[in-house]
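Here's the structure we're looking at; comments come further down.
Residue numbers (the working numbering): 231 to 406.
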């Protein structure tokens, strides 16, 4: 979990940065569940690239992530290094960008308490972050329309606030 996927994400962004219409100072990342974990890894490990991140129900500590893969093969006692390296609680010192946590408080796939533990860690490190929670939402917080509307609006507003709303004027080139 993490490592190779983060490098793939970074490689994709490096390519996008070569395009004339991509503003390198306005790159954000967001994901939910494993994607939320990846968004946080991106902010923690590539702060010069990713300025803003939104982590929805992030798999902070994969030992508590009730994934299909874990049930089949990988467990903390059989793969301790994998679990240690993928535990976001072991990171955070390099957080420079803006981070928004989104989480349903009734999530049983990625327990809400793991996000609370991550927030506590970031507070101890003196890092700033923002939060948007859905009191009775499960892992798929879009399962109820009012949660989906509220949290998606928060997500969009967060990027607009910290990266700027809408496209900036850029030269348009014809595709070859």
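Heads up, the beta-carbon is just placed ideally off N, CA and C, and yes, glycines get one too. Since the model is a prediction, treat every value here as computed from it, not as a measurement.
* What are the partner residues of residue 361, as DSSP defines its beta bridges? -> Listed as beta-bridge partners of residue 361 by DSSP are 331.
* Note down the Cα distance separating residue 375 from residue 369, rounded to an integer number of angstroms. => In a straight line, the C-alpha of residue 375 is about 14 Å away from that of residue 369.
* May I ask you to list the residues that DSSP assigns as paired with residue 371? => Bridge partners of residue 371: none, in fact.
* To do: Give the C-beta separation of residue 335 and residue 365 to the nearest angstrom, bearing in mind that I take them to be a contact with Cβ-Cβ under 8 Å.
  => Contact flag correct, Cβ pair sits at about 5 Å.
* Out of 276, 277, 275, 266, which has the shortest C-alpha to C-alpha gap to residue 291? -> The shortest Cα separation from residue 291 among 276, 277, 275, 266 belongs to 266.
* Asked: Which term fits residue 338, buried or exposed, when burial requires 16 or more other beta carbons within 10 angstroms of its beta carbon?
  -> Counting Cβ neighbours within 10 Å, residue 338 comes out exposed, since fewer than 16 surround it.
* Within the same chain, show all residues whose beta-carbon is closer than 8 Å to that of residue 283, passing over the 5 residues directly before and after it, in chain order. => Close CB contacts of residue 283 within its chain, under the 8 Å cut and outside five residues either way in sequence, are with 258, 259, 260, 269, 270, 272, 273, 327, 328, 329, 330 (chain order).
* To do: Would you check if the distance between the CB atom of residue 381 and the CB atom of residue 332 is smaller than 8 Å?
  => Yes. Within cutoff.
* **Sheet register partners of residue 424 (DSSP bridge)** => Since the first residue shown for the chain is 231 and the last is 406, residue 424 is missing from the structure and cannot be characterised.
* To do: Identify whether residue 336 lies in helix, strand or coil by the three-state DSSP scheme.
  => Reduced to three states, the DSSP call for residue 336 is coil.
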